[in-house]
Amino acid sequence: MLLFIALALAGAAFIGPRFMQAMANSKAMSVTQMTSQITMALSLRRGDEGVPVVARTQLMSLVPKGYLKTLPLNPFIGEGGFPFRVLYSGDVESSLYYADIVFGSLGHGNEMLHVCQSINRQANRGDDVPQMALEAGTNVTAMVKEPLGCFQVHSAGIYGEANPGDYVVYSRI
13 MLLFIALALA GAAFIGPRFM QAMANSKAMS VTQMTSQITM ALSLRRGDEG
63 VPVVARTQLM SLVPKGYLKT LPLNPFIGEG GFPFRVLYSG DVESSLYYAD
113 IVFGSLGHGN EMLHVCQSIN RQANRGDDVP QMALEAGTNV TAMVKEPLGC
163 FQVHSAGIYG EANPGDYVVY SRI
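In this note's numbering, each residue's number is its place in the sequence shown (first place is 1) plus 12.
Spelled out as C-alpha cells, the structure:
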C-alpha cells in the first residue's frame with residue numbers, strides 16, 4: 013500500500029509540471045489563433061473596402077459583413093483579461109489613428125506568465141517575456157516589433173485595456 017502511494021506521488025510530481033505546461037501551450041495556441049483570425053479578418057476588410065482600419069473600431073462589425081462567422085472572445089476575460097481590441101500601437105488609448113495591432117490582455121499571475129512564455133516560444137521568440145517600461149505610457153510600439161507575441165504591461169497599467177502587470181497577447185495587422 014505504501015509503495016502504491018509513493019508511486020502515485022512520484023508520478024504526480026513528474027506529470028504535474030508536464031500537464032501544466034501542456035495546458036499553457038494549449039491556451040497559448042488558442043489565444044494566438046483567435047488574434048490571428050481577427051487580424052486576417054481586418055486585413056481582408058481593408059483590402060475589400062480599400063479603407064484603413066481606425067483604432068478602436070468595434071470588432072463585432074466584422075461579423076455582419078462576413079469577415080468573421082463569430083467574434084472570438086478572449087478566454088481569459090473571466091480570469092482578469094480584457095476583450096480583444098484593435099488599437100494603434102503608438103497610443104493604445106487613442107481612436108485618432110489607424111490601427112496596427114490586435115491587442116488582448118490575459119490578466120496576470122503565474123498561469124498567464126506560462127501562457128505568455130508559450131506564446132513567445134510558438135512565435136520563435138524564446139521564453140523571455142519583455143516588460144513594458146513605465147516611461148512608455150500608452151505607447152507599446154517597442155513591445156510589438158514582431159508579427160505576433162506577448163509582453164507584460166508596466167506597473168501603471170493601460171486604462172481600459174490592461175491592468176498593472178497584465179500579460180498581453182498581440183498580433184500586428
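Every residue gets a Cβ at the ideal spot worked out from N, C-alpha and C, and that includes glycine. All values reported here derive from a predicted model rather than from experimental measurement.
Through-space distance from F31 to A20, alpha-carbon basis
Note that A20 scores 49 on pLDDT, short of 50, meaning its location in the model is unreliable; the coordinates nonetheless yield the value given after this. Between A20 and F31, the C-alpha separation is close to 15 Å.
- Item | Classification of G172 by the beta-carbon crowding that lies within 10 angstroms, buried from 16 upward | Here G172 is exposed, its C-beta having fewer than 16 other C-beta atoms within 10 Å.
Exercise. Kindly list the residues whose CB is nearer than 7 Å to the CB of A174, restricted to its own chain and excluding five residues on each side of it in sequence; keep chain order.
Key: Answer for A174: F94, S117, V165, V180, listed in chain order.
- Would you mind stating whether S107 and V66 have Cβ atoms separated by less than 8 Å? Yes, these two residues count as a Cβ contact at 8 Å.
Can you tell me whether Q49 is buried or exposed, with buried defined as 16 or more other CB within 10 angstroms of its CB?
It counts as buried.
The alpha helix (DSSP H) enclosing I131, as first and last residue numbers:
For I131, the enclosing alpha helix (DSSP H) has its first and last residue at 122–134.
Check: Is the segment 34–54 touching the segment 118–137 in the sense that three or more CB pairs, one from each, lie closer than 8 Å?
Finding: Judged by Cβ distances under 8 Å, the segment 118–137 makes contact with the segment 34–54, as three or more pairs qualify.
* To do: Sort out for me which residues DSSP pairs Q197 with in a bridge.
  => There is no way to answer for residue 197, as the model of the chain reaches only from 13 to 185.
| said: At the level of alpha carbons, what is the spacing between N122 and D139? | reply: When rounded, the distance between both Cα atoms is 14 Å.
Out of I170, M124, F96, point me to the one whose CA is closest to A145's CA.
When only C-alpha atoms are compared, the closest one is I170.
Report task. Measure the C-alpha to C-alpha separation of M124 and M52 and round it to an integer number of angstroms. Result -> Their Cα atoms are separated by approximately 25 Å.
- Residue closest to R184, alpha-carbon to alpha-carbon, out of G119, S167, C162: Among G119, S167, C162, the Cα nearest to that of R184 belongs to C162.
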